[in-house]
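One structure below.
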């Protein structure tokens with residue numbers, strides 16, 4: 185019975201097969217809007233991940249840069265601290281006077297007093313004498329000082345009389361513990377401005393240097409007790425000289441002065457004033473004497 189031909193069954197089978205074939209043979213309807221949205225979402229998802237990685241890497245770069253900047257700041261701060269520490273007086277107790285430069289350099293950490301003769305130059309290694317407080321180089325033939333000399337922050341006395349100096353090294357004002365500076369008999373002409381920045385100077389000797397101008401900045405050396413300017417060609421004394429209220433000796437003998445400013449009346453501690461061999465007339469000298477009744481005028 186089952187194997188008998190049944191037209192209905194045959195027709196149903198034929199229709200089912202045809203429908204199946206049509207479904208297979210014809211493409212499914214496309215949905216471009218949906219597909220595009222999916223692609224856009226996928227694209228946005230990938231871009232977001234990429235941007236996240238970039239932001240993360242940028243954050244790392246800024247962290248590294250911040251770390252390097254912190255190291256740089258610490259380094260600069262240490263250099264400033266080290267410079268200030270070197271500028272402070274370091275106790276120096278060795279009484280030995282070193283007269284041999286090689287011996288002094290071999291004992292750089294011990295040298296307090298250096299007195300050298302018979303040299304025409306100084307080596308850069310002079311900067312190693314960190315404890316030295318007194319240097320005498322009088323009567324040599326030194327035309328120029330090495331720049332390393334400005335590293336001697338404990339130096340208090342520097343005697344460079346009768347050399348051949350025409351200039352001083354840049355940064356000379358860093359020797360701010362200097363109390364006595366003797367440059368007599370050199371060839372500086374008008375001295376560099378940095379000299380007037382040595383605020384702790386008590387004695388300054390610029391005699392015989394062919395000076396023609398005394399800078400108004402001389403008034404900034406308010407600790408001066410002695411100022412030697414004799415044997416130059418100075419034509420005028422600036423009013424700022426009146427700021428040196430602790431001055432005891434002022435020697436301007438042998439210049440080209442015709443008068444002194446009224447501000448010298450402020451020099452109440454002045455005991456000795458040398459103005460001989462100038463162009464100051466007798467009447468002017470009498471006026472100066474009236475201004476400074478307690479001062480011996482030569």
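Residue numbers (the working numbering): 185 to 482. Beta carbons: idealized from backbone N, C-alpha and C, even for Gly.
**Prompt:** Less than 9 Å separating the beta-carbons of residue 370 and residue 344?
**Reply:** yes
**Item:** Beta-carbon contacts of residue 385 that lie in its chain and below 7 Å, excluding the five residues immediately before and after
**Value:** 362, 363, 365, 405, 407, 408
**Message:** Our contact map puts residue 481 next to residue 459 with C-beta atoms below 8 Å; I'd like the distance itself, whole angstroms only.
**Reply:** 7 Å
**Prompt:** Leaving out five residues before and five after residue 349 in sequence, what residues of the same chain have Cβ atoms less than 8 Å from its Cβ?
**Reply:** 326, 327, 328, 329, 367, 370, 371, 372
**Message:** Just to confirm the assignment: which complete alpha helix (DSSP H) runs, minimum length 4, are found wholly within the segment 439-470?
**Reply:** none
**Asked** Where DSSP assigns a beta bridge to residue 371, which residues make up the other side?
**Response** DSSP, once it has assigned bridges, lists no residue as partnering residue 371.
**Message:** Can you look up residue 480 in the DSSP assignment and give me helix, strand or coil?
**Reply:** Note: residue 480 maps to strand in three-state DSSP.
**Item:** Sequence-distant residues of its chain with Cβ nearer than 6 Å to residue 352 (five each side left out)
**Value:** 376
**Request:** Between the Cα of residue 336 and those of 435, 374, 316, 258, spot the shortest distance and give me the residue it belongs to.
**Result:** 316
**Asked** Which whole-angstrom value is the C-beta distance of residue 398 and residue 422, which I expect to be below 8 Å?
**Response** The C-beta distance from residue 398 to residue 422 rounds to 6 Å, short enough to fall under 8 Å.
**Asked** If we count the other Cβ atoms within 10 Å of its Cβ and call it buried at 16 or more, is residue 302 buried or exposed?
**Response** exposed
**Request:** For residue 238, I'd like the list of residues in its chain whose CB is within less than 7 Å of its CB, leaving aside the five on either flank, ordered along the chain.
**Result:** Closer than 7 Å at the Cβ level, and outside the excluded window around residue 238, lies no residue.
**Asked** Hey, how far is the Cα of residue 469 from the Cα of residue 339?
**Response** 39 Å
**Prompt:** Taking DSSP as the reference, what is the three-state secondary structure of residue 412?
**Reply:** strand
**Limits of the beta strand (DSSP E) - the one that residue 342 falls within** = That run of the beta strand (DSSP E) goes 341-343.
**CB contact flag (residue 411, residue 374, <9 Å)** = no
**Request:** State the Cα-Cα distance for the pair residue 332 and residue 244, rounded to the nearest angstrom.
**Result:** The straight-line gap from Cα to Cα measures roughly 43 Å.
**Message:** Check for me: the alpha helix (DSSP H) holding residue 285 runs from which residue to which?
**Reply:** 285-290
**Message:** Taking 6 Å as the limit between beta carbons, can you name the residues of its chain near residue 292, skipping five residues before and five after?
**Reply:** 312, 313
**Request:** Kindly indicate which three-state DSSP category residue 427 falls into: helix, strand or coil?
**Result:** helix
**Request:** In the DSSP assignment, find the beta strand (DSSP E) that holds residue 298 and state where it starts and stops.
**Result:** 297-299
**Request:** Using the DSSP secondary-structure output, state which residues sit across from residue 433 in a beta bridge.
**Result:** 410, 456
**Message:** Taking CB distances under 9 Å as the criterion, tell me whether residue 337 reaches chain C.
**Reply:** This model lacks chain C altogether; it includes just one protein chain.
**Prompt:** Going by beta carbon distance, what residues of the same chain come within less than 7 Å of residue 308, once the five residues before and after it are set aside?
**Reply:** 330, 332
**Asked** Grouping DSSP H, G and I as helix and E and B as strand, with all else coil, what is residue 209?
**Response** Per-residue confidence for residue 209 stands at a pLDDT of 47, beneath the threshold of 50, marking its modelled position as unreliable; no derived number is given.
**Message:** Using the three-state DSSP reduction, which class does residue 281 fall into: helix, strand or coil?
**Reply:** DSSP places residue 281 within a strand segment (E or B) once states are collapsed to three.
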